[in-house]
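Residue numbers (my numbering): -9 to 316.
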């Protein structure tokens, strides 16, 4: 049995709905196992500046339904330097923290991996990102809520699009991943999704126009993943104006709307299961792993795999969208 007496917990990178549910689950699971919990504010920055508070059960009461993160989050340039990480390690020792749980996306887990390796320190990661772009897990904390938010927004835009017979490009988040755009398009009955994963294979805009916005349709909605590869919705709208001037184009960028809001039941349950599993993993002497979920079972994914491998898009979904948008 491992000698972990105190676990530190932090959230880092972009916030995602469900992070609070994860914080609550880690805190309560640890306390249940007789372990002290310390909340680290403002991500890795708080680790360097010692913004650390002991968490009791009541610190995490009434937060499961809240979006964002009560621990706050920040980008931290200093943590990217060996000197910064040494400062963080000194604070960890000073605070008596024996292991860390890091909730965040790709960048956050990359930082965790470097730190864990440099100081031989036990860290378990939880995939908290609306982008759903971490390898080794079917879904990430926050993704389901963001998808539902996109669906509600697009439903409202469709009312306007139908009234005006326009082509609407709606830009959604996801950085270099098309999961939100593709599944959002299926959920909203959109005509197409323009995603980075297949941008190098086909000219998605040309294909879209050539397939013809069916004359039977009086409005067309296309979801676009924000990405340097697709150019985003604005760049596509510019292309349409130049190359296909017959179309009346409008652009909506959903932006940070997608990040906020109360987490769905799915995200609350996922975050609760993953948070509890993170404590189990540390007690089993696991380190340098991300907690994932595959076929509804908890799995341990080595950081190296979760970060380095690209998560593939399901081609079957692309096919489904094409067939249903005629």
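In this text, a Cβ means the ideal position worked out from N, Cα and C, and glycines have one as well. Here the structure is a predicted model, which is why all the values come from computation and not from measurement.
**Prompt:** So, is the C-beta of residue 89 closer than 7 Å to a C-beta in chain D?
**Reply:** Judged by its chain identifiers, the structure shown contains no chain D, having just a single protein chain.
**Prompt:** Would you report the Cα separation of residue 38 and residue 75, rounded to the nearest angstrom?
**Reply:** A straight line joining the alpha-carbon of residue 38 with that of residue 75 spans about 8 Å.
**Request:** Examine the Cβ distances between the segment 272 to 285 and the segment 164 to 175 and report whether three or more of them are shorter than 8 Å.
**Result:** When C-beta atoms of the segment 272 to 285 are compared with those of the segment 164 to 175, fewer than three pairs fall below 8 Å, so the two segments do not count as touching.
**Request:** Give a yes or no on whether the C-beta atoms belonging to residue 268 and residue 27 are separated by under 7 Å.
**Result:** Going by beta carbons, residue 268 and residue 27 fall outside the 7 Å limit.
**Item:** Contact set for residue 178: own chain, Cβ-Cβ below 6 Å, skip 5 residues either direction
**Value:** Excluding the 5 residues flanking it on each side, residue 178 has same chain C-beta neighbours closer than 6 Å at 141 and 144, in chain order.
**Request:** Just confirm the distance between the C-beta atoms of residue 78 and residue 112, as a whole number of angstroms; I'd bet it's less than 8 Å.
**Result:** In fact, because the Cβ distance is near 15 Å, the residues do not count as touching under 8 Å.
**Message:** Taking the beta strand (DSSP E) that residue 115 belongs to, which residues open and close that run?
**Reply:** Start and end: 113 to 117.
**Request:** For the segment 58 to 126, list the alpha helix (DSSP H) runs that are entirely contained and at least 4 residues long, ordered along the chain.
**Result:** Restricting attention to alpha helix (DSSP H) runs no shorter than 4 residues, the segment 58 to 126 encloses them at 72 to 85 and 96 to 109, ordered along the chain.
**Request:** Could you tell me whether the Cβ atoms of residue 214 and residue 181 are closer together than 7 Å?
**Result:** Judged by their CB atoms, residue 214 and residue 181 are not nearer to each other than the 7 Å cut-off.
**Request:** With a 10 Å radius around its C-beta and 16 neighbouring C-beta atoms as the bar for buried, classify residue 22 as buried or exposed.
**Result:** If you draw a 10 Å sphere on the C-beta of residue 22, you find fewer than 16 other C-beta atoms in it, and that means exposed.
**Message:** Considering only their Cβ atoms, is the gap separating residue 106 from residue 92 smaller than 7 Å?
**Reply:** Against a cut-off of 7 Å, the Cβ pair of residue 106 and residue 92 comes out as no contact.
**Request:** Return the residue from the list 133, 243 and 36 that minimises the CA-CA distance to residue 160.
**Result:** Checked all of 133, 243 and 36; the closest Cα to residue 160 is 243.
**Item:** Cβ-based neighbour list, residue 319, same chain, cut-off 6 Å, excluding 5 preceding and 5 following
**Value:** With the chain covering -9 to 316 only, the question about residue 319 has no answer from this structure.
**Request:** Would you kindly check if the distance between the Cβ of residue 186 and the Cβ of residue 135 is under 7 Å?
**Result:** No, they are not a contact pair.
**Request:** Give me the Cβ distance between residue 151 and residue 189, rounded to the nearest whole Å; I'm assuming they're in contact under 8 Å.
**Result:** That pair is no contact at about 24 Å.
**Cβ-based burial, residue -9 [other Cβ within 10 Å; buried from 16]** = Confidence at residue -9 is low in this model, with a pLDDT of 49, below 50, so the placement of that residue should be treated as unreliable; the coordinate-derived value is given next. Flag for residue -9 reads exposed.
**Request:** Reducing DSSP to helix, strand and coil, say where residue 197 ends up.
**Result:** Correct three-state label for residue 197: helix.
**Request:** Determine the DSSP secondary structure at residue 249, reduced to helix, strand or coil.
**Result:** Here residue 249 sits in helix by DSSP.
**Request:** With DSSP collapsed to three states, give me the class of residue 280.
**Result:** Strand at residue 280.
**Prompt:** Near residue 125, which residues of its chain fall below 8 Å by C-beta distance, leaving aside the five closest residues on each side in sequence?
**Reply:** Contacts found: 291, 295, 296, 297, 298, 299, 300 and 301.
**Message:** Quick check on the burial criterion: 16 or more other C-beta atoms within 10 angstroms. Buried or exposed for residue 284?
**Reply:** Exposed, since its Cβ has fewer than 16 Cβ neighbours within 10 Å.
**Message:** Whole angstroms are fine: how far does the CA of residue 173 sit from the CA of residue 198?
**Reply:** About 18 Å.
**Prompt:** Along the chain, where does the beta strand (DSSP E) that runs through residue 215 open and close?
**Reply:** It spans 210 to 215 - the beta strand (DSSP E) in which residue 215 sits, taken as one unbroken run.
**Inter-residue spacing [alpha-carbon to alpha-carbon] between residue 52 and residue 256** = Those two C-alpha atoms are separated by around 18 Å.
**Request:** Measure the alpha-carbon distance for residue 12 versus residue 114 and round it to whole angstroms.
**Result:** Counting only the Cα atoms, residue 114 lies some 13 Å from residue 12.
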